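Trainee:
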Ligand SMILES: [Zn+2]
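Numbering (my numbering), first residue to last: 2 to 297.
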């Protein structure tokens, strides 16, 4: 970087001269000048790599203007300990289930987890709404600014109307019995309409390969076009077993839930290979793969 260039940059971000002008001409408001915040930390993460000895320049409204070297930043640099980073994205959240935090014993496996989630239904709406608000605050406090949220009911809408975080709402369709596909699809469409009052994108997505019948796939696939689609993918090794041979713990789950599984046709392929082409119209797809993670 040449010396002249460096001086020009320093001048660009040095507002002390302009501050004097402001003091003399008191009629000028602070909006009349371009004022900057200069933030330095041990490291700056730009979304791709860590940068040391750098200063982040933002305009007064928080717009990121530049990342420059310490030498080029001029005076009035605010110094912080730690790392400066862009906001985080939580790409898989179940905000509406926040009231269940800590209620499900860990390491019991996916099958018992799913069974517990669908059978735990004794909380008041007030309790649920409170937990939703608290969970959103916790995410904000941890630097999360955008959330892909799985939705099975409309209870998160009042919180989302506050627009404190950017949401992408994934209306989750599920139904393993082919005979209930129309009813489940109508339910998803109704929910999608309710979410359309928000100023954030919403679309219908499949819950998991083992919980969406072919009939239901046919109904929801048109909603994938130009959308981001998410799916709970291979969260357990049993899922592959279910598609390869039609055996294993998912069969046990359907027995526990008293859901007829006789229509299931094993494909002889892994779960992902069995359904991946169904997502081909989607703009982006997020596969929430937790296979072999031991907290389930
Ligand atoms: Zn999930």
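Using N, Cα and C, we set each Cβ at its ideal position, and we do this for glycine too.
Just so you know, these numbers come straight off a predicted model, no measurement behind them.
1. Taking 8 Å as the cut-off, is the CB of residue 45 close to at least one heavy atom of ligand 1?
2. State the DSSP-derived secondary structure class of residue 241, mapped to helix, strand or coil.
3. Could you give the DSSP three-state label for residue 174: helix, strand or coil?
4. Please report the distance separating the alpha-carbon of residue 102 from that of residue 51.
5. In chain order, what residues of the same chain have a beta carbon less than 6 Å from the beta carbon of residue 86, not counting five sequence neighbours either side?
6. Looking only at DSSP bridge pairs, what is residue 169 linked to?
7. Out of 61, 180, 170, 181, state which residue places its alpha-carbon closest to the alpha-carbon of residue 194.
8. For residue 185, does the count of other Cβ atoms within 10 angstroms reach 16, so buried, or fall short, so exposed?
9. Could you give the DSSP three-state label for residue 102: helix, strand or coil?
10. Are there any heavy atoms of ligand 1 lying less than 8 Å away from the beta-carbon of residue 151, as far as the coordinates show?
11. For my contact list, residue 154 and residue 66 are in at a C-beta cut-off of 8 Å; report their separation, rounded to the angstrom.
12. Please report the straight-line C-alpha distance between residue 156 and residue 282, rounded to a whole angstrom.
13. Starting from residue 89, trace the alpha helix (DSSP H) both ways and give me its first and last residue.
14. Here's a check: name, in chain order, each residue in its chain whose Cβ is nearer than 6 Å to the Cβ of residue 44, leaving out the five neighbours to either side.
15. In whole angstroms, what is the alpha-carbon distance linking residue 245 and residue 62?
16. Just the C-alpha distance for residue 36 and residue 75, rounded to the nearest angstrom, thanks.
17. Would you kindly check if the distance between the Cβ of residue 255 and the Cβ of residue 218 is under 9 Å?
18. Taking residue 82 as the reference, which of 40, 92, 106, 48 has the closest Cα?
19. Across the stretch 231-239 and the stretch 131-147, are there enough close Cβ pairs to call them in contact, namely three or more that are closer than 8 Å?
20. Return yes when the C-beta of residue 100 is under 8 Å from any heavy atom of ligand 1, and no when it is not.
21. Quick check: the Cα distance between residue 64 and residue 228, rounded to an integer number of angstroms?
22. For residue 159, report the span of its alpha helix (DSSP H) as first-last.
23. Could you spell out where the alpha helix (DSSP H) holding residue 142 opens and where it closes?
24. Out of 167, 209, 241, point me to the one whose CA is closest to residue 268's CA.
25. Could you check where the alpha helix (DSSP H) with residue 272 kicks off and where it finishes?
Mentor: Checking against the coordinates, here is how it stands:
1. Working through the chain shown from its first residue, we reach residue 45 at position 44. No, the Cβ of residue 45 stays beyond 8 Å of every heavy atom of ligand 1.
2. Here the question's residue 241 lines up with position 240 in the chain shown. Helix at residue 241.
3. Your numbering for residue 174 matches position 173 in the chain shown. In the structure shown, residue 174 sits in a strand (DSSP, three-state: E or B).
4. Sequence index remark: in the chain shown, residue 102 carries index 101 (1-based). Sequence index remark: in the chain shown, residue 51 carries index 50 (1-based). Cα-Cα distance, rounded: 34 Å.
5. Taking the first residue of the chain shown as position 1, residue 86 is located at position 85. So the list reads 46, once near-sequence residues are dropped.
6. Start at 1 with the first residue of the chain shown, and residue 169 comes out as number 168. Its beta-bridge partners are 149.
7. As a position in the chain shown, residue 194 is number 193, starting the count at 1. Taking only the C-alpha atoms, the option nearest residue 194 is 170.
8. Working through the chain shown from its first residue, we reach residue 185 at position 184. Residue 185 comes out buried.
9. Against the chain shown, residue 102 aligns to sequence position 101. Per DSSP, reduced to three states, the secondary structure at residue 102 is coil, with no helix or strand assignment.
10. Translated into positions along the chain shown, residue 151 becomes position 150. Relative to ligand 1, residue 151 has its C-beta within less than 8 Å of a heavy atom.
11. Indexing the chain shown from 1 puts residue 154 at position 153. Indexing the chain shown from 1 puts residue 66 at position 65. Contact check for residue 154 and residue 66: beta-carbon distance about 42 Å, past the 8 Å limit, so the pair fails to qualify.
12. On the chain shown, residue 156 is found 155 positions in, with the first residue counted as 1. On the chain shown, residue 282 is found 281 positions in, with the first residue counted as 1. Each residue's Cα considered, the two are about 29 Å apart.
13. For the purposes of this step, residue 89 is taken as the residue at position 88 of the chain shown. Where residue 89 is concerned, there is no enclosing alpha helix (DSSP H), although the beta strand (DSSP E) it sits in stretches over 89-94.
14. Within the chain shown, residue 44 is the residue found at index 43, counting from 1. Result list for residue 44: 51, 53, 84, in chain order.
15. On the chain shown, position 244 is the one that residue 245 refers to. On the chain shown, position 61 is the one that residue 62 refers to. Rounded to whole angstroms, residue 245 to residue 62 spans 55 Å at the Cα level.
16. Here the question's residue 36 lines up with position 35 in the chain shown. Here the question's residue 75 lines up with position 74 in the chain shown. Rounded to whole angstroms, residue 36 to residue 75 spans 13 Å at the Cα level.
17. Indexing the chain shown from 1 puts residue 218 at position 217. Indexing the chain shown from 1 puts residue 255 at position 254. For residue 218 and residue 255, no; Cβs fall outside 9 Å.
18. Taking the first residue of the chain shown as 1, we reach residue 82 at position 81. It is 40.
19. no
20. Along the chain shown, one-based indexing puts residue 100 at 99. It does not: the Cβ of residue 100 is nowhere closer than 8 Å to a heavy atom of ligand 1.
21. Looking up residue 64 in the chain shown gives position 63. Looking up residue 228 in the chain shown gives position 227. Those two C-alpha atoms are separated by around 27 Å.
22. In the chain shown, the residue the question calls residue 159 occupies position 158. 158-161 is the span of the alpha helix (DSSP H), which, as asked, contains residue 159.
23. Position 141 of the chain shown, counted from the start, is the residue given in the question as residue 142. 126-142 is the extent of the alpha helix (DSSP H) around residue 142.
24. Taking the first residue of the chain shown as 1, we reach residue 268 at position 267. It is 241 whose Cα lies nearest to the Cα of residue 268.
25. For the purposes of this step, residue 272 is taken as the residue at position 271 of the chain shown. Run containing residue 272: 272-276, per the alpha helix (DSSP H) assignment.
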